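Residue numbers (our numbering): 23 to 296. Idealized CB from N, CA, C, for every residue including glycine. Predicted, not measured: the structure shown is a model, and the values here were computed from it.
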């Protein structure tokens, strides 16, 4: 672990290997950027409502100049409507993407990322109908014809299933009925697979490298998108960046950048029955 002093933002970097070089740019060390540049796919994790995380993503996208950017937050239809002109007009961008209907944090947080890349955009948002289908009939049935390709028909080990259910319970303030937990795990696996499918399509159509904007849970290399990518294209070079708050993050990544926690209301207050 190495502390990185940045004016206005205290960051700590956790790396698989020690940092050997000084900072390059404002937020990301030169060694990390160099490792990113060696990859075919760079998965940039985030805590969705932390503005600093999106600034890090924007810096990475600027430095990488990817051939395409895959977004967890965008539908395929929304991504197809996107234009460079709209990216420069926040109101038009929100209208084209129907951002207010999607349930994500304010678009202003993501605007630096949109404006960082002059590249095709791919949407990998799982529609609510598909998420419900995954909860009712499983991730494989919800994905359809590509399920076998991505291994969704293969059950997780009992140990892995239990670990994922425990994580889902913790992320829902320990308020979920036990019978809901397998359904939440199924939805998460579906989203990972849909993101992986969009990444592979983007790479096939644009050549790469591909940048991916997504939550930390999908970015983690021990469980998320990389697992599905390695199944379909084992030789693909994938770099994962996690972004923690106050040092807290779950999962394995090639690098983790830490920032202060974003101010927010207690997310567990909605579950308080008192």
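- Under the three-state reduction of DSSP, residue 267 is assigned to strand.
- Of 270, 292, 294, the smallest CA-CA separation from residue 283 is found for 270.
- Distance from the CA atom of residue 229 to the CA atom of residue 147, rounded to whole angstroms, is 22 Å.
- The DSSP assignment places 143 to 145 as complete runs of the beta strand (DSSP E) inside the stretch 108 to 163, in order along the chain (cut-off: 3 residues).
- For residue 228, the secondary structure class from DSSP, reduced to helix, strand or coil, is helix.
- In this structure, residue 167 and residue 175 do not form a Cβ contact; the two beta carbons are roughly 12 Å apart against a cut-off of 8 Å.
- Straight across, the Cα-Cα distance linking residue 245 with residue 273 is about 8 Å.
- Note that the C-beta distance between residue 90 and residue 224 is below 8 Å.
- Residue 173 and residue 250 have their C-alpha atoms spaced approximately 8 Å apart.
- The Cβ neighbour count for residue 136, taken over all protein chains shown within 10 Å, is at least 16; the residue is labelled buried.
- Cβ atoms of residue 233 and residue 82 come within 8 Å of each other, at about 7 Å.
- Leaving aside the five residues that flank residue 227 on each side, the residues in its chain whose CB is nearer than 8 Å to its CB run, in chain order, 90, 142.
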